[in-house]
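Trainee: The structure under discussion is supplied below as structure tokens; questions concerning it will follow.
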DNA sequence: CTGTATCCGGTTCGATACTG
DNA sequence: CAGTATCGAACCGGATACAG
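Protein chains in written order, with UniProt numbering: chain S, 1 to 137; chain Z, 1 to 137.
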């Protein structure tokens, strides 16, 4: 259980929900899933369509991502018990509200995309200076 | 060559800078580093102090994180060629501007911390069959 | 003091195969 | 169609040892 209920969001505490949320966001397909689901609002989206809208994702990862989101009450699942069975996903209010700050990050990335890209290239050509000869990625 | 000069930020394209940025944000210590560095502005911060302010981080990860940020021009490095050598880090304008949207995510996490936490607990007690038996975390 | 290199473990992720 | 299970690969992250 959480060590201190009155504690404010301590990003540095691994046990803090804020930290867990950040970790969750960091998973590979999370932000893409949120974006697709948010754009689909207020409609529900099926598993297959979700997969179609997230190029490259596998069943496993889509399932995992969806489960993770549901575990944090970011997502609801509606099962249509027909044949063939169809399952519809939809963001909760909580999940939808998360899309706002996430969209801000996306917007930032789009806005400064060129600068980031340039930086990555310049990294190669840099002669010396104090330029970071980073080679981690 | 980058295939997307005029392309809009395509989050789904692994080669797109926006996607790379999201991946970088997702790394374990990134957001914490940005926060600490942003709070230190406009002062510079030394390696040791940075380490002190990010509990639990190892030299390697701090170095990696810093390198990654520098590779994207989010950070500048000033080496003081003395003995002992001291290195000062400081966010670039680009890096500092990233703190804003990141802070929005942090704020969201803090605001909804309780709901997330509750959801995580409820996951345990839930007797429902289709309840998310998430075991990813 | 400020890093880098190496080893190693844990987790994430992906392809495939299988069940309802 | 909608998912789960299993396996193996790749990567992230940590401890230690070492270099400038």
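Positions of the beta carbon are idealized from the N, C-alpha and C atoms, including for glycine.
Nothing here was measured: the structure is a model prediction, and the numbers come from that model.
Cβ of residue 117(Z) within 9 Å of Cβ of residue 38(Z)?
Mentor: Not in contact: residue 117(Z) and residue 38(Z) (Cβ atoms no closer than 9 Å).
Trainee: Name the DSSP beta bridge partners of residue 80(Z), please?
Mentor: In DSSP, residue 80(Z) forms a bridge with 86(Z).
Trainee: If you measure between the beta carbons of residue 35(Z) and residue 104(Z), is that distance less than 9 Å?
Mentor: No; because the gap between Cβ atoms is not below 9 Å, this pair is not in contact.
Trainee: Is it buried or exposed, residue 82(Z), if we count other Cβ atoms within 10 angstroms and call 16 or more buried?
Mentor: By the neighbour-count rule (16 or more Cβ atoms within 10 Å), residue 82(Z) is not buried but exposed.
Trainee: Could you name the residues of chain Z that residue 47(S) contacts, counting a contact when the two beta carbons are closer than 7 Å?
Mentor: The premise fails here: residue 47(S) is roughly 13 Å from chain Z at the closest Cβ pair, so nothing lies under 7 Å.
Trainee: Can we say the region 71 to 85 of chain Z touches the region 71 to 79 of chain S, given the rule of at least three CB pairs closer than 8 Å?
Mentor: No, because fewer than three Cβ pairs between the region 71 to 85 of chain Z and the region 71 to 79 of chain S fall closer than 8 Å, the two stretches do not touch.
Trainee: List the residues of chain S that residue 115(Z) touches, going by C-beta distances under 7 Å, in chain order.
Mentor: 73 and 94, listed in chain order.
Trainee: Return the CA-CA distance between residue 25(S) and residue 24(Z), expressed in angstroms with no decimal places.
Mentor: The straight-line gap from Cα to Cα measures roughly 11 Å.
Trainee: For residue 51(Z) and residue 19(Z), I'd like the C-alpha separation in whole angstroms.
Mentor: If I take the Cα positions, the gap works out to 28 Å.
Trainee: For the candidate residues 21(Z), 30(Z) and 16(Z), whose alpha-carbon lies nearest to that of residue 22(S)?
Mentor: For the residues 21(Z), 30(Z) and 16(Z), the minimum Cα distance to residue 22(S) belongs to 30(Z).
Trainee: Roughly how many angstroms separate the alpha carbons of residue 68(S) and residue 86(Z), rounded to a whole number?
Mentor: If you take the alpha carbons of residue 68(S) and residue 86(Z), they lie about 43 Å apart.
Trainee: Would residue 46(Z) pass as a contact of residue 88(Z) if the rule is Cβ separation under 9 Å?
Mentor: In contact: residue 46(Z) and residue 88(Z) (Cβ atoms closer than 9 Å).
Trainee: State buried or exposed for residue 58(S), treating a residue as buried only when at least 16 other CB atoms are found within 10 Å of its CB.
Mentor: Residue 58(S) is exposed by the Cβ-count criterion.
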